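Data first, discussion second: the structure below is written as structure tokens.
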Amino acid sequence: MNFLVSVHTLSGFANFYSCLGPQNIYNCFSLVGLVGLNKSPQDAYAYQGYLADWRFKCGAGFFAVYESTTFTSCTQSTYVNYNTDMGKILNNYKMNITADPNNACKYAQNLMDSYASIYRNGTCRATDANNAQWYGCESGREYTNAQFKHCSHSTKCIQRQFTVPHFSNVPDGI
Numbered sequence: 000m001n002f003l004v005s006v007h008t009l010s011g012f013a014n015f016y017s018c019l020g021p022q023n024i025y026n027c028f029s030l031v032g033l034v035g036l037n038k039s040p041q042d043a044y045a046y047q048g049y050l051a052d053w054r055f056k057c058g059a060g061f062f063a064v065y066e067s068t069t070f071t072s073c074t075q076s077t078y079v080n081y082n083t084d085m086g087k088i089l090n091n092y093k094m095n096i097t098a099d100p101n102n103a104c105k106y107a108q109n110l111m112d113s114y115a116s117i118y119r120n121g122t123c124r125a126t127d128a129n130n131a132q133w134y135g136c137e138s139g140r141e142y143t144n145a146q147f148k149h150c151s152h153s154t155k156c157i158q159r160q161f162t163v164p165h166f167s168n169v170p171d172g173i
């Protein structure tokens, strides 16, 4: 997936939301709306998590990736090449929280750490491992927080290492 495809995908996601409008989004895609459409609570939460993850990928995650073509390439490659592994991690998470919801925050952190490890040790390991770790972890965090908001106080990702742009052509006093 190249950068232009990513931009089109993210633009489509934004258009999807803007076309529906807030009331239709609530009626169709909220937990209440999905359960009202005969989806199981587990499926409704999973869908909420999926949407939250993509809001991250189209928001803060996109801008982090956009800053560097190398980071763009490695995160896209990781997403494509390790999707099966991430799917297994997600399935384990779902089984664990269904069997033992009292430890949901522990399972959420496990999912986040596992995604972080895939991004850190996969294609991005040689180019931008720390930011890749942050990207993978935050993606998992958004997914799990959609279901277990109380875990947002206990689940943690490493902080992203932002770079400060150098403005060499800016005159003094501005």
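Position 48 (the sequence shown) corresponds to 47 in numbering that gives the first Met the number 0; numbering is contiguous. Here a beta-carbon is modelled for each residue, glycine too, at the ideal position from N, C-alpha and C. Quick caveat: nothing in here was measured; it's all calculated off a predicted structure.
From the options, residue whose alpha carbon lies closest to that of residue i
i: A151; options: A125, K105, R159, N130; result: Checking the displayed sequence, the identity of residue 151 turns out to be Ser instead of Ala. Residue K105 is the option with its Cα nearest to S151.
i: S153; options: S113, A103, R119, I117; result: A103
i: A125; options: M94, E137, T69; result: T69
i: N101; options: S29, Q22, H149, I157; result: H149
i: T97; options: Y81, T71, D42; result: D42
i: Y114; options: D127, C136, C123; result: C136
i: L89; options: V34, C27, A45; result: A45
i: I157; options: F147, S138, Q146; result: S138
i: T146; options: C123, D127, K93, R159; result: Position check: residue 146 holds Gln in this sequence, whereas Thr was assumed. Closest by alpha carbon: K93.
i: T122; options: Y81, G20, C73; result: C73
Burial state of residue i (16 or more Cβ within 10 Å)
i: F55; result: buried
i: P164; result: Residue placement at P164 is flagged as unreliable, the pLDDT there being 48, under the threshold of 50; the coordinate-derived value follows with that caveat. So P164 ends up on the exposed side.
i: G48; result: buried
i: S39; result: exposed
i: D52; result: buried
i: C27; result: exposed
i: F57; result: Here residue 57 turns out to be Cys, not Phe, going by the sequence shown. That one is buried.
i: L33; result: buried
Test: residue i CB closer than 8 Å to a CB of chain D
i: T71; result: The chain labelled as chain D is not found in the depicted structure, where only one protein chain is given.
*Starting from the N-terminal side, write out each stretch of the alpha helix (DSSP H) that is 4 residues or longer and does not extend beyond the region 24 to 58.*
30 to 35, 40 to 57
*Output the residue ranges of the alpha helix (DSSP H) runs that lie fully inside the region 108 to 163 and measure 4 residues or longer, sorted by chain position.*
128 to 146
*Can you find at least 3 beta carbon pairs, one from the region 110 to 117 and one from the region 130 to 145, that sit closer than 8 Å?*
Touching, yes, given that three or more Cβ pairs across the two stretches are closer than 8 Å.
*Counting pairs of Cβ atoms below 8 Å between the region 113 to 126 and the region 71 to 80, do you hit three or more?*
yes
_the region 124 to 131 in contact with the region 83 to 101 per 3-pair CB rule at 8 Å_ = No contact exists between the region 124 to 131 and the region 83 to 101.
*Any chance you could list the alpha helix (DSSP H) runs of at least 4 consecutive residues sitting entirely within the region 61 to 86, in chain order?*
68 to 80
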